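Below: one structure, written as structure tokens.
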Amino acid sequence: MENGFIILFGLTMLYLSATSRLIAHVKTIMVQGILLFLICATAFSHLPWYLIAFLTIETLVVKAILIPLFLNKVLKKTHSNRDTDANIAHFYCLLISSIILFGGFMLSVIEIPSLAMINPFCFGIALAVIIISLWLITIKHKILSNVIEFITMENGIFLLSLSVAKEMPMLVNIGVLLDVFIAIYILGLFVSQINTELGDMEVAHLSDLKDCEYND
Amino acid sequence: MISIVLLAPIVFCLVLFFAKNKTLNNILINIYAILHLYCGICYFTKSQYLMNNQYFSLNPSNIIFYLILSVVFLAVAIYNNGYSKNLAFSDKKIMHYATMLLIFVLSMTGGILSNNLGLAWIFIEGTTLASAYLIYFNKTKHSIEAAWKYVFICSIGIALAFVGIILLTVAEGNLNSLNYIDLINNAQSFNHFWLNVSFVFILFGLGTKMGLAPVHFWLPDAHSEAPSPISALLSATLLNCAFLVILNVYKIMLVANCYTYARIVLLFMGFLSLFITAVFLYHTTNYKRMLAYSSIENMGILAIATALGGIAYYALIIHLIGHSLIKASYFLTSGNILELFETKRIKSVRALAQIDRKTAWLWIASFLGICAFPPSMLFVSEFLTVKAMLIQKHYVLCVLFLFLLTVILYAMAKVVIKMVFGEKSEEKSEIASKNLSKVTISMYVPQCVLLTLAFVLGIYLPQFLDIVIRSTIVG
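Line order of the protein sequences matches chains A and B.
Following the numbering used here, the numbering of the first sequence begins with 13 at its first residue and continues without gaps.
Following the numbering used here, the numbering of the second sequence begins with -14 at its first residue and continues without gaps.
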């Protein structure tokens, strides 16, 4: 059951790579949040009930509800619909993401002695999700796309922390702080402020500061 | 005492929030700065009052970092008394500035005092939250760009550092602890493969925060757009906090006898930082960006000294102290120039020596200090670093190191000389003369003290400081 959710989580990254509609990206974030909630609920049976309760409720509320809701609000406010000017065509984007994800699957299948103490399946997929997200950040042009990929990267890191959490829920709790961090700053303050200040959400507009001559 | 240092800013923030009194801003910042330094002094005199606990402690490995933060913060607090009078913002906004400044120092203090890698990571994340607002304080198009780059790049860095911490827990097997003492005591049983991988993630993640190339891109923008007292804190203390965590993880690598790979990565990033600085300093047209690049250079030297080991460890701590004192002075003086000329453009600042002699002297003295002109502390540290390279027979690296430092020295000297002795422009000097009254005595004194400390310690190192430096290396 748990592995099924992890596979679905990995596959959401393929959808994210293949679509340019920002609203679809936000929905993917929501799906990822729900999948992480289900993984948390099924994978931590050995922990005390209050820790499981904290983790699952936090995942569901912050990752699956609050962040997507907030992103949706920002999308409406900024009238952003699509990120059409990615550096690489969607087909190749999908192809490269598939290869990375396949690499993640392979990592979980190959028996590596030093991976014995962790959940290899979780580990491989999480690593693939982090790499795909980092790569997508480099090719997308909209600030909002970058934020969305940052959130998927953070979801990947959360999954990674679940794969090695063992008896150390503190590690996962620290990971939870990343969510709050995103919610407070990247989304709340900057995205809307940048839109007000620059009138557009293109990364290209954030390249005024440089070492050659500019007006200050 | 440690609990008071960590709780006081929270109480002060609440007081500022409810009192809404403009005069309280600077008073509380100054009180906290004195309290902060007093706690550092207690380490030497009344260590029983410190009351270290399992999460926070002042110990031989972090006392130097703490003292640097205390001294620089006190200097910034004094400077801020004059600086904040010139801020043309609403009382509410200036209260926000004071609040975030206190939170920023609190998170740096927490990061330094943490005994636990996870806790240190949380506080480093906290520094991003607080300082982002301060960088964005002027609310211009450029400051929002700088703050966005800072938050976004550092967030990715911090997230990668978290991946490194996760991998460290894989390396530690059944230990289940992130306490530094536990990690060092059990380091020899760690899995070397995972330890190496985790170090790379932590180095690149926190290296982003420290401003090491190739992950330094936020630094010139953020340092140049932040208000000058904040630039001084960012450069002289924030980078040190990230470096302390890297150093603690590197110590684990040393104990685990797994440092060959880590040394190569540190050397690579260190030399790349020097190279990037040498290239970009030639093209920069903004004097605050010049100082920011100089920070990248000095962080590179710290990385190189860490990698070299041996006598370079001593050089590392001397360099850390010297760079923080001098760079804080340099950034604060740049604040004076900005107040006078109302521009950060190098081309527009000329004949500083004729317009404001004191600022001009401070600008030159800071330049001489940062360029390791004897008797600056940086001369001692760079000399010892070169000596370490020669002892270890890294001749090519030594030549490259000296060559890059010379290029950087030339690029900076060119700018400083033009700014201080260049031909006077009537229009700009009229503006500067009009603004002369804005630069009050409290905007000169801190730099004088910091520079005096940096130059005197270059000639005479008191025995107690020498002992502390040696214990930092061992601890």
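Beta carbons: idealized from backbone N, C-alpha and C, even for Gly.
Remember, predicted model here, so these are calculated numbers, not experimental data.
CB contact below 9 Å: residue i versus chain B
i      : result
Q205/A : yes
F162/A : yes
E166/A : yes
I144/A : no
I149/A : yes
I19/A  : no
I155/A : yes
Anticipated Cβ contact below 8 Å, residue i with residue j, distance rounded
i        : j      : result
A290/B   : H308/B : Contact doesn't hold; Cβ gap of about 11 Å is too wide.
L113/A   : A138/A : Not quite, the Cβ-Cβ distance comes to about 11 Å (not below 8 Å), so this is no contact.
L337/B   : T344/B : 6 Å
S258/B   : A198/B : 4 Å
Y278/B   : F265/B : 5 Å
M42/A    : V141/A : Actually they do not touch by this definition, with Cβ atoms about 16 Å apart.
I(-11)/B : L86/B  : So it is not a contact: roughly 18 Å between Cβ atoms.
L191/B   : A146/B : 5 Å
I46/A    : A65/A  : Not quite, the Cβ-Cβ distance comes to about 17 Å (not below 8 Å), so this is no contact.
A288/B   : L323/B : Between L323/B and A288/B the Cβ distance is about 30 Å, and since that is not below 8 Å, they are no contact.
A227/B   : I109/B : 6 Å
P97/B    : N47/B  : Reading the sequence as shown, one finds Ile at residue 97/B and not Pro. With 8 Å as the limit, I97/B and N47/B qualify as a contact, their Cβ atoms being about 5 Å apart.
G354/B   : A439/B : 5 Å
Endpoints, alpha helix (DSSP H) assigned at residue i
i       : result
C134/A  : P132 to I151
C27/B   : K7 to T30
I53/B   : I48 to Y68
V455/B  : Sequence check: residue 455/B is Arg here, not Val. Run containing R455/B: Q448 to V459, per the alpha helix (DSSP H) assignment.
M85/B   : D76 to L98
A241/B  : Unbroken run through A241/B: none, as it is neither H nor E.
N170/B  : Y165 to N170
K403/B  : Y380 to F406
F186/B  : H177 to M195
A76/A   : Where A76/A is concerned, there is no enclosing alpha helix (DSSP H), given that its DSSP letter is neither H nor E.
Q339/B  : L337 to I340
N15/A   : E14 to A30
A217/B  : S213 to L218
Y315/B  : I296 to F326
H37/A   : L34 to A55
V434/B  : V430 to I444
V424/B  : Segment: none, V424/B is in no alpha helix (DSSP H) and carries neither H nor E.
L(-8)/B : I(-13) to A4
G158/B  : Note, G158/B: premise wrong, no alpha helix (DSSP H); not H, not E.
C105/A  : H102 to V121
H208/B  : W203 to E210
V176/A  : No alpha helix (DSSP H) holds V176/A; DSSP gives it neither H nor E.
Short CB-CB distance (under 9 Å) between residue i and chain A
i      : result
V434/B : no
A144/B : yes
Y121/B : yes
Contacts that residue i makes with chain B (C-beta to C-beta distance below 9 Å)
i      : result
N230/A : With chain A covering only 13 through 228, there is no way to say anything about residue 230/A.
L78/A  : Those do not exist, as L78/A stays about 18 Å from chain B at its closest Cβ, beyond 9 Å.
Interface partners of residue i on chain A, CB under 7 Å
i      : result
F364/B : Per Cβ cutoff of 7 Å: no residues; F364/B is ~28 Å from chain A at best.
W348/B : The premise fails here: W348/B is roughly 19 Å from chain A at the closest Cβ pair, so nothing lies under 7 Å.
I151/B : L172, S173, V176 and L183
Chain-ordered chain A contacts of residue i [CB-CB under 8 Å]
i      : result
V148/B : I142, I169 and L172
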